[in-house]
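Structure first, commentary second.
Protein chains: 4
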Amino acid sequence: MEFSQPKGIYQQIADQVCERILSGEWAAEERIPSVRELAVDMGVNPNTVARSYQSLVDDMHIENRRGIGYFVIQNARERILENMKNRFINMELPRLFRTMQKLGIKPEEIVQRYEQFSQSVQVSQGEKQ
Amino acid sequence: MEFSQPKGIYQQIADQVCERILSGEWAAEERIPSVRELAVDMGVNPNTVARSYQSLVDDMHIENRRGIGYFVIQNARERILENMKNRFINMELPRLFRTMQKLGIKPEEIVQRYEQFSQSVQVSQGEKQ
Amino acid sequence: MEFSQPKGIYQQIADQVCERILSGEWAAEERIPSVRELAVDMGVNPNTVARSYQSLVDDMHIENRRGIGYFVIQNARERILENMKNRFINMELPRLFRTMQKLGIKPEEIVQRYEQFSQSVQVSQGEKQ
Amino acid sequence: MEFSQPKGIYQQIADQVCERILSGEWAAEERIPSVRELAVDMGVNPNTVARSYQSLVDDMHIENRRGIGYFVIQNARERILENMKNRFINMELPRLFRTMQKLGIKPEEIVQRYEQFSQSVQVSQGEKQ
DNA sequence: GTGGTCTAGACCACC
DNA sequence: GTGGTCTAGACCACA
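Chains as they are written, first to last, in this note's numbering: chain A, 705 to 833; chain B, 705 to 833; chain C, 705 to 833; chain D, 705 to 833.
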C-alpha cells in the first residue's frame, strides 16, 4: 500500500482486487474477503475498503449478497480485461502518441526499448526464483 | 482550461506556457505576459498564474526580472524538451510497458496504431487550413 | 431470489408465500413447508425463513401450531388482499401522483400504457403455454 | 431532513438539490453552496453532503471546478427530468401495473383517485396563500 | 457474522 | 476559501 499520493488508497485496493481476479487467485462466483477482513490485512480503515468494493460493484466486477459478503461476478476477468484494454486504447495511447510527436520519438524507438524492458523483466523474474 | 479534475489548473497553464515556448511563439529572452494579463486571458485567479510561473521558474524555463516581468530563459526550449523526454522515458514508458504485458499487447500493434494516428492528425490539420 | 440490494431476502420470501396463498397453491388451514424445507428449497439460511414466517405470523396470515408446523390462517387470502390494497392506496398512489405532477404526466397516459402492458402480458403468457 | 430510514440522508439531499435545480432556484452554470455550507444548513456532516454532490456529479447534473466549488451543468434541468421520466416509466410503472393486476384495480379507479388528489392539492395550496 | 450509513475530526492539494 | 481522502468509531438492518 502506497500511502503517498499517486492515486487514492481505495483505488490501489480496487486495482489489487482486480489483479487477484485476473490472476485467478479469486475465481468467478467465489467469495472475496469481507470488508473488515481486508481492512485488517491491508492495515487500512474498513470504510476505505468499502469504498473500493463499491467502485468494483459499480464496474460490475463483484457483487454483494446481503449479509453474506462480496462475490466475484461470472465473467469478471473478461470484463476487467475489456475495461483495461478500452481505457488503454482510448485514453492512454492518444496521450502517448501526442507526446511522441512533440518529442520527435519514432515508434521504432519504442519497440526497441520494449525489447530491453522485456529482457530485464525476464532477468529479474529469474532472480526471484 | 479544464476546470474539472484531471490535473491542477496551475499545471495546465504551465504546460501551455511550455507549449508556446516550444512552438516559438515566445522566444528566448522575450518577455511573457504579466501574471495579471495571463490571468484575465485564461479566466483564472492571478494567484493561480503566479503559481504556474513559479513552477516554471523552479524548472528554470523562465526567470523573473524584478519590476519588469517574466522572461523566457536562454535555452528554455532545449531544457523543456530534455525534461519532457526524461519524464517520458523514465516514468511513462515503464507504465506503458507494464500495461502492455498485462493486456498482452504486442509492440507491433502500437506501431500500427501510431501510423493510423499520424494519418488522422495530418487529415485533421489539413481540414483546419 | 435476489441476493442483491432491492429488499431483504426475508421480505422476498414472505412475499412469495403470500403469492402462493393468493394463488390458492396453499389453501386456508393447510400446512406450509417447514422452515428447514423452505430454506433448502430457496438456498437460504433457515434463520432467514424463520424471520419471514414470523413476519407473516405478525401480519396474521399464517399461524404456528407448536411441534407441528405453520398453517395458513382461515381468511388469509382476504386479509392479504386487504393489506396490499391499503398499502397501495395509502402509500403508493400518493407517491405516484406526486411524481406524475412533477413530470407533467396526465392520467390518460397511464391508462394508455396500462393497456399496452395488459396486452404484452397476455401475449407472454400465451407464449408460456 | 428525515433522519429515519426510508432512504439515506445523502439521497434525500441529492433529491433536494435536484428539486432546487428544477424549480429554477439554482440556475444553470450557477454555483451551488459549498459542501461545508450546505452541511451546516442541513445540520449534517460535510462528508454526507460530499457524497450527495458526488452522486450528482456521476449523474452529470452538477460539476466541480477545482478549488472553487460545484456548479449546475448547462442543461441539468432537462437531464434531471429525463432521468426521472425514464425511471418512472421503466421502473415504477411496471411495478404499479403488476400490483393493479394482482389487486384487480382498474385504471379508471386510478384516474378517479388522481382527480380527487389534484383537487385536494389545489385546496391545500389555496390554504397556504 | 455481513455491509450501509453517518459523524467527528484530521490532513492534503489546490484556487 | 474549495473539495478529496482517510481514520476512528458508532449504529443499523439483515443473514
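We put the beta carbon where it would ideally sit given N, CA and C, even for glycine.
Exercise. Is there a Cβ from chain D that is less than 7 Å from the Cβ of C/Leu760?
Worked result: Here residue 760 of chain C is taken as the residue at index 56 of the third sequence, counted from 1. So, not an interface residue.
For this session: Could I get the ranges of all uninterrupted beta strand (DSSP E) runs contained in the region 712 to 778 of chain A, with 3 residues as the minimum, in chain order?
Result: 766 to 769 and 773 to 776
Exercise. What are the residues of the region 766 to 777 of chain B that lie near chain D, defined by any Cβ-Cβ distance shorter than 9 Å?
Worked result: none
Problem set entry | Cβ-based burial, B/Glu756 [other Cβ within 10 Å; buried from 16] | Numbered from 1 along the second sequence, position 52 holds the residue referred to as residue 756 of chain B. Per the sequence presented here, residue 756 of chain B reads as Ser, with Glu not at that position. Its Cβ being crowded by 16 or more others within 10 Å, B/Ser756 is buried.
Problem set entry | Of the residues B/Ser759, B/Thr752 and B/Ala780, the one placed nearest B/His765, counting alpha carbons only | Along the second sequence, one-based indexing puts residue 765 of chain B at 61. Checking every option, the nearest Cα to that of B/His765 belongs to B/Ala780.
Exercise. Among A/Leu785, A/Val761, A/Ser738 and A/Pro750, which one has its Cα closest to the Cα of A/Ser727?
Worked result: Counting from 1 along the first sequence, the entry for residue 727 of chain A is found at position 23. Taking only the C-alpha atoms, the option nearest A/Ser727 is A/Leu785.
For this session: Could you work out which residues of chain C lie near D/Lys789, taking near to mean beta carbons separated by less than 7 Å?
Result: Taking the fourth sequence and counting its residues from 1, the one referred to as residue 789 of chain D is at position 85. Within chain C, the residues near D/Lys789 are Leu807.
Exercise. Distance, Cα to Cα, B/Phe707 vs B/Arg740?
Worked result: Residue mapping note: residue 707 of chain B aligns to position 3 of the second sequence, counting from 1. Residue mapping note: residue 740 of chain B aligns to position 36 of the second sequence, counting from 1. Spanning the two alpha carbons is a distance of roughly 19 Å.
Problem set entry | Cβ-based burial, B/Ile725 [other Cβ within 10 Å; buried from 16] | Walking along the second sequence from the start, residue 725 of chain B turns up at place 21. Buried, by the Cβ-count rule.
Exercise. Which of helix, strand or coil does DSSP assign to D/Lys806?
Worked result: As a working mapping, residue 806 of chain D is identified with position 102 in the fourth sequence. DSSP places D/Lys806 in helix when its eight states are reduced to three.
Exercise. Is there contact here, the region 806 to 822 of chain A with the region 804 to 816 of chain B, by at least three beta-carbon pairs under 8 Å?
Worked result: yes
For this session: Work out the CA separation of A/Asn749 and D/Arg770 for me, nearest whole Å.
Result: For the purposes of this step, residue 770 of chain D is taken as the residue at position 66 of the fourth sequence. For the purposes of this step, residue 749 of chain A is taken as the residue at position 45 of the first sequence. Distance between the alpha carbons of D/Arg770 and A/Asn749 is about 27 Å.
Exercise. Any beta-carbon of chain A closer than 7 Å to the one on C/Ile717?
Worked result: Residue mapping note: residue 717 of chain C aligns to position 13 of the third sequence, counting from 1. It does not; no Cβ of chain A falls within 7 Å.
For this session: Inspect the CB distances between the region 731 to 740 of chain C and the region 789 to 804 of chain A and report whether three or more fall short of 8 Å.
Result: no
For this session: With a 10 Å radius around its C-beta and 16 neighbouring C-beta atoms as the bar for buried, classify A/Ile777 as buried or exposed.
Result: For the purposes of this step, residue 777 of chain A is taken as residue 73 along the first sequence, with counting starting at 1. By the 10 Å Cβ count, A/Ile777 comes out buried.
Exercise. Quick one: which chain A residues come within Cβ less than 8 Å of C/Glu712?
Worked result: Within the third sequence, residue 712 of chain C is the residue found at index 8, counting from 1. Inspection of the sequence shows that residue 712 of chain C is occupied by Gly rather than by Glu. Going along chain A in sequence order, the residues near C/Gly712 (Cβ under 8 Å) are Arg770.
Exercise. Helix, strand or coil for D/Ser824 per DSSP?
Worked result: Your numbering for residue 824 of chain D matches position 120 in the fourth sequence. The answer is helix: DSSP assigns D/Ser824 an H, G or I state.
For this session: Starting from the beta carbon of C/Val815, find every residue of chain D whose beta carbon is closer than 9 Å, and list them in chain order.
Result: Here the question's residue 815 of chain C lines up with position 111 in the third sequence. Those are Pro811, Glu812, Ile814 and Val815, listed as they occur along chain D.
For this session: Could you tell me the distance, in whole angstroms, from the CA atom of D/Pro747 to the CA atom of A/Asn751?
Result: Here residue 747 of chain D refers to the residue found at position 43 when the fourth sequence is read from its first residue. Here residue 751 of chain A refers to the residue found at position 47 when the first sequence is read from its first residue. A small correction: the amino acid at residue 747 of chain D is Gly; Pro does not occupy that position in the sequence shown. In a straight line, the C-alpha of D/Gly747 is about 22 Å away from that of A/Asn751.
Exercise. Which same chain residues, not among the five before or five after C/Tyr774, have their C-beta less than 6 Å away from its C-beta?
Worked result: Reading the third sequence from its first residue, position 70 is the one you call residue 774 of chain C. Correct list, in chain order: Ile736, Tyr757, Ile766 and Asn768.
For this session: Identify the continuous alpha helix (DSSP H) that holds C/Glu782 and give its terminal residues.
Result: For the purposes of this step, residue 782 of chain C is taken as the residue at position 78 of the third sequence. C/Glu782 -> alpha helix (DSSP H) spans Ala780 to Arg791.
For this session: Would you identify the three-state DSSP class for D/Met705, choosing helix, strand or coil?
Result: Taking the first residue of the fourth sequence as position 1, residue 705 of chain D is located at position 1. Of the three classes helix, strand and coil, the one that applies to D/Met705 here is coil, per DSSP.
Exercise. Sorted by chain position, which residues of the same chain lie with C-beta nearer than 7 Å to C/Cys722's C-beta, five sequence neighbours on each side aside?
Worked result: Here residue 722 of chain C refers to the residue found at position 18 when the third sequence is read from its first residue. His765 and Ile784.
For this session: Can you tell me which of A/Phe792, A/Ile793 and A/Met804 puts its alpha carbon nearest to the alpha carbon of B/Phe792?
Result: Here the question's residue 792 of chain B lines up with position 88 in the second sequence. Residue A/Met804 is the option with its Cα nearest to B/Phe792.
Exercise. Can you list the residues of chain A that B/Thr803 reaches, using a CB-CB cut of under 8 Å?
Worked result: If you number the second sequence from 1, residue 803 of chain B lands on position 99. Chain A residues near B/Thr803: Met788, Phe792 and Glu796.
For this session: Between the Cα of B/Leu760 and those of B/Glu819, B/Pro710, B/Tyr714 and B/Val827, spot the shortest distance and give me the residue it belongs to.
Result: By one-based count along the second sequence, residue 760 of chain B stands at place 56. That would be B/Tyr714, whose Cα lies nearest to the Cα of B/Leu760.
Exercise. So which of A/Met705, A/Lys810 and A/Ile772 has the shortest CA-CA distance to A/Glu733?
Worked result: One-based indexing of the first sequence puts residue 733 of chain A at position 29. The option with the nearest alpha carbon to A/Glu733 is A/Ile772.
For this session: Spell out whether any CB of chain B is found under 7 Å from the CB atom of A/Tyr818.
Result: Indexing the first sequence from 1 puts residue 818 of chain A at position 114. Yes, because at least one Cβ of chain B sits closer than 7 Å to the Cβ of A/Tyr818.
Exercise. What residue from D/Leu807, D/Val825 and D/Lys806 has the CA that sits closest to C/Lys806's CA?
Worked result: Mapped onto the third sequence, residue 806 of chain C falls at position 102. Considering only alpha carbons, the answer is D/Val825.
Problem set entry | DSSP state of A/Pro710 mapped onto helix, strand, coil | Start at 1 with the first residue of the first sequence, and residue 710 of chain A comes out as number 6. Looking at A/Pro710 - three-state DSSP - the assignment turns out to be coil, as it is neither helix nor strand.
For this session: Take A/Ala754 and list the residues in its own chain whose beta-carbon comes closer than 8 Å to its own, dropping the five residues that flank it on each side.
Result: Within the first sequence, numbered from 1, the residue matching residue 754 of chain A stands at position 50. Taken in chain order, the residues that qualify are Val739.
For this session: Could you tell me whether any Cβ in chain A is nearer than 7 Å to the Cβ of B/Phe707?
Result: If you number the second sequence from 1, residue 707 of chain B lands on position 3. By this cut-off, B/Phe707 is not an interface position.
Exercise. Can you tell me the Cα-Cα spacing of D/Ala718 and D/Trp730, whole angstroms?
Worked result: Along the fourth sequence, one-based indexing puts residue 718 of chain D at 14. Along the fourth sequence, one-based indexing puts residue 730 of chain D at 26. Roughly 13 Å separates the two Cα atoms.
Problem set entry | B/Met705 to B/Asp745 span [Cα, whole Å] | Reading the second sequence from its first residue, position 1 is the one you call residue 705 of chain B. Reading the second sequence from its first residue, position 41 is the one you call residue 745 of chain B. If I take the Cα positions, the gap works out to 11 Å.
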